[in-house]
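Q:
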Amino acid sequence: MPTLRPYNSITLQLSNFYSVNSLNDLERDAWLWLTSAPKRKRDGFKTMTLATRTLDGVNARTVVLRKADADAKTLWFHTDVRSDKVGELSRHPKATLLFWDNRRQIQLRLSVTTAPHTDDAIASEHWAGLWVGGRKMYLSEHMPGLPYPEPYPGFPAQFGENLPTEAESEAGRNNFLVVECRVLTMDYLHLSRAGQTRARFRYEPFPGMEWLVP
Ligand SMILES: Cc1cc2nc3c(=O)[nH]c(=O)nc-3n(C[C@H](O)[C@H](O)[C@H](O)COP(=O)(O)O)c2cc1C
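When you line the sequence shown up against this note's numbering, it's residues 23 to 236, in that order.
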């Protein structure tokens with residue numbers, strides 16, 4: 023029979039990057055990485071895979087993490103209001119956000135419920151913080167995903183490699199959507215030769231945390 027120890031007495035040695043000694047520390051680290059990633063150029067958590075439900079199956083794509091709030095357990099990303107994912111999320115607001123950081127050898131799988139922001143204060147705040155290069159993709163005259171007779175760059179061809187002016191970029195505001203993702207559960211997995219670590223953190227409907235068999 024293995025001897026069982028209380029969680030808070032377990033000290034796990036995890037790679038050279040950090041060590042954790044409780045579920046609380048591990049969760050705090052995960053949120054610290056998520057909140058700092060948008061400001062760090064080459065952070066592994068800067069992009070994530072968004073998985074959604076479609077009418078006849080599932081869909082997945084990469085999106086950029088724009089902001090995370092550890093207290094509100096909420097993440098935000100930007101997208102074009104005309105894209106397929108928006109229709110999918112409006113029909114089925116629950117989604118999965120999947121992160122993989124190769125350097126830290128950490129996977130985070132977040133089950134979320136989403137809400138769109140188009141013409142409110144949240145959307146305006148994100149739009150104001152977006153540089154003209156980021157706004158350029160919202161200037162597309164066409165619906166993302168539509169067939170086109172020739173290669174289309176995703177913005178009016180006249181811009182070429184140039185950036186729009188601040189005033190020109192404002193035309194993209196109508197196509198801009200911020201998706202708010204409230205985290206329901208976070209599944210944490212750390213890979214290591216010395217032993218893998220897996221844990222689940224629940225936020226809604228009932229808070230809780232537990233170790234899982236990897
Ligand atoms: C590195 C990378 C980052 C991306 N970031 C975003 C993003 O933040 N928002 C977005 O809508 N699409 C982003 N895309 C494009 C999407 O992956 C996808 O191709 C596009 O949004 C259309 O998706 P949909 O048809 O499933 O809606 C990114 C693609 C890559 C490769």
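C-beta: ideal position from N, C-alpha, C; glycine also.
Computed from a prediction, not measured in an experiment: that's the story for all the values here.
Taking 9 Å as the threshold (C-beta atoms), are T135 and T71 in contact?
A: No, the pair does not count as a contact, with Cβ atoms beyond the cut-off.
Q: Please work out which residues of its chain come closer than 7 Å, Cβ to Cβ, to T25, disregarding the five sequence neighbours upstream and downstream, and give them in chain order.
A: Summary for T25: the model assigns pLDDT 43, below 50, so the residue's position carries little reliability, and this model does not support an answer.
Q: Hey, could you find the ends of the alpha helix (DSSP H) W149 is sitting in?
A: Segment A143 to A150, the alpha helix (DSSP H) holding W149.
Q: What residues does ligand 1 have around it, judged by CB closer than 6 Å to any heavy atom, in chain order?
A: The answer, residue by residue, is T69, N81, R83, T84, V85, V86, F99, H100, T101, D102, S105, D106, K107, P166 and G167.
Q: Whose C-beta lies closer than 6 Å to the C-beta of T76 among residues of the same chain, with five residues either side of it excluded?
A: Taken in chain order, the residues that qualify are E110.
Q: From this set, S58, R104, A59 and F198, which residue's C-alpha is nearest A143's C-alpha?
A: Of the listed residues, the one whose Cα sits closest to A143 is F198.
Q: Going by C-alpha distance, which of R126, E190, Q218 and Y225 is nearest L206?
A: The option with the nearest alpha carbon to L206 is Y225.
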